[in-house]
Amino acid sequence: MMKWGTLLIGLALIAALMEACDSEVFRGNLTAPTEPPPPPPAEQTFYLHFDYWNPDGNSPQISLDTVQTSPAVQYLFPLPWQVDLSLNDRVVLILEDIRLREDTADYEIREIISQEWQDGRWRGTSEFPVSFSAVADLDMVLVLDASLSLGSAFGQVKQFAVGLVRSVVQEIPSARIGVVDFATEVHTLSLTTDTTVIIEYIRNISQGEFTALYDAIGAGITLLASAGGNNRVLVVFTDGNDNNSVTVSDPEELIHRLRAPAPGNEPIHTYMIGLQGNDGIDVELLRRMVTGHGVAAFPTSVTDLEAVFQRLADGISLMYDLTYTRSRHPISQPNARAVRFQIIARPR
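Here this note's numbering is used: position 320 in the sequence shown is 323, and no number is missing along the way.
Structural data, given as structure tokens:
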């Protein structure tokens, strides 16, 4: 009788095991199910509004409607735009350096639809298409504080800078990047497309005692002034105030150079990063140095600083030119067409 009882218990255990193997937990490779991949970021819709007219068919004009345009749609003011009349029966307008940004995210454009206000409502105008292209012509200079006040965190700062370079080059392979490092003295690496040279230079930066911040920013502006790219970016990182500049004593000179580039030069987008450490930083001055699409950020820890550098890479690479094509039909200014671009984008 004991043998039969033992046999029945064994059969019951085998049946239970087989049932478990067929369950959700053990089905397949006998491993617990993995979490499903997260859904892609939700797409959002933004609008760029403007009035369009073309008095003689060859002189197109636009006037931005800043009230109706979505706040996330960022542009330089006045908006830079170009006209292409090379097609006999078409007018091509190129709106330059457009980006989509909110406090929490930068946005990647997925689609743009042109619309025109007709008969009391917005109507699609597929015969007047709009396309977009990410900016592919970039000159960027990193200005990096190498003063002793950063202590052991300086190694991480260099890692963040290398990560920024890699991210930008991944998005814009033709980007030309230069470096200005400063402490007691200022050193520079001229603009180059050689990523290996750039990264090796950053890794070999050594620390010094003082902070020649103004001289370093001036050197960065000078590097960009000699560049021929259509998009120029200056990224400045510091954790203190200037105490050792020789060639630039007044920061107002730098602000003027940033806000009023030499004739023929493209505007500079200036990003200012101030790590709030023991020595303190002049927050108001750094804010005033921001130009173009740039922003100012003031992280309070090295962990926060890493996130700032990561988002900065998105902000720099997600700039767009919008190309809008219309017929050469004359339109007087009193009869200007109300146009809007419906921009569908997702957060990066």
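Virtual Cβ for every residue (Gly too), placed ideally from N, Cα, C.
So the candidates are the options; which of them puts its Cα closest to the Cα of residue i?
{"i": "N57", "options": "A341, Q345, P350", "result": "A341"}
{"i": "T273", "options": "L98, E105, L145", "result": "L145"}
{"i": "F135", "options": "L226, I258, P44, I115", "result": "I115"}
{"i": "Y217", "options": "T241, S304, Y204, Q336", "result": "T241"}
{"i": "A310", "options": "Q162, G154, V133", "result": "Q162"}
What's the gap between the Cα of residue i and the Cα of residue j?
{"i": "V200", "j": "I224", "result": "21 angstroms"}
{"i": "A263", "j": "D122", "result": "44 angstroms"}
{"i": "D197", "j": "A348", "result": "32 angstroms"}
{"i": "Y327", "j": "F344", "result": "10 angstroms"}
{"i": "E269", "j": "G232", "result": "8 angstroms"}
{"i": "T128", "j": "D100", "result": "23 angstroms"}
{"i": "T306", "j": "Y50", "result": "35 angstroms"}
{"i": "V183", "j": "T48", "result": "39 angstroms"}
{"i": "Q210", "j": "G297", "result": "27 angstroms"}
{"i": "L308", "j": "D87", "result": "43 angstroms"}
{"i": "H52", "j": "T69", "result": "7 angstroms"}
{"i": "M143", "j": "S320", "result": "11 angstroms"}
{"i": "V171", "j": "P333", "result": "42 angstroms"}
{"i": "T187", "j": "S252", "result": "15 angstroms"}
{"i": "E27", "j": "D106", "result": "Low local confidence applies: a pLDDT of 42 at E27 is under 50, so the model's placement there is unreliable, and no value is given."}
{"i": "E130", "j": "G181", "result": "43 angstroms"}
{"i": "L151", "j": "Q77", "result": "37 angstroms"}
{"i": "I353", "j": "D324", "result": "The question about residue 353 has no answer here: the residues shown for the chain are numbered 4 through 351."}
{"i": "N247", "j": "A215", "result": "5 angstroms"}
{"i": "V160", "j": "P132", "result": "44 angstroms"}
{"i": "V238", "j": "H190", "result": "16 angstroms"}
{"i": "R169", "j": "I202", "result": "9 angstroms"}
So, helix, strand or coil for residue i, using DSSP?
{"i": "Q336", "result": "helix"}
{"i": "S129", "result": "coil"}
{"i": "E105", "result": "coil"}
{"i": "S26", "result": "Residue placement at S26 cannot be trusted, given a pLDDT of 44 that sits under 50; what the coordinates show is reported in the next sentence. Of the three classes helix, strand and coil, the one that applies to S26 here is coil, per DSSP."}
{"i": "Y274", "result": "strand"}
{"i": "A164", "result": "helix"}
{"i": "Q313", "result": "helix"}
{"i": "I175", "result": "coil"}
{"i": "N32", "result": "Low per-residue confidence applies at N32: pLDDT is 46, beneath 50, and the placement is therefore not dependable, though the value from the model is reported in the following sentence. It is helical."}
{"i": "P350", "result": "strand"}
{"i": "Y323", "result": "strand"}
Using C-beta distances below 7 angstroms, list every residue in its chain close to residue i, excluding the 5 sequence neighbours before and after it, in chain order.
{"i": "R126", "result": "Q118, E119"}
{"i": "P44", "result": "R349, P350"}
{"i": "L288", "result": "P254"}
Counting only the same chain and skipping the five closest in sequence on each side, list residues whose C-beta sits under 6 angstroms from that of residue i.
{"i": "L33", "result": "Residue placement at L33 is flagged as unreliable, the pLDDT there being 42, under the threshold of 50; the coordinate-derived value follows with that caveat. Here the set comprises nothing."}
{"i": "D282", "result": "S152, G243"}
In its own chain, which residues sit with a C-beta less than 8 angstroms from the C-beta of residue i, not counting the 5 before and 5 after it?
{"i": "G31", "result": "At G31 the pLDDT is 42, less than 50, meaning the model places this residue with poor confidence and gives no usable figure here."}
{"i": "W84", "result": "I65, L96, I97, L98, E99"}
{"i": "P63", "result": "Y55, W56, N57, V86, V94, L96, R329"}
{"i": "A139", "result": "I175, S177"}
{"i": "Q336", "result": "W56, P58, Q64"}
Quick test of your reading: residue i and residue j, contact by CB under 8 angstroms. State the CB separation rounded to the nearest angstrom.
{"i": "G318", "j": "D109", "result": "5 angstroms"}
{"i": "R291", "j": "I258", "result": "6 angstroms"}
{"i": "R235", "j": "I271", "result": "5 angstroms"}
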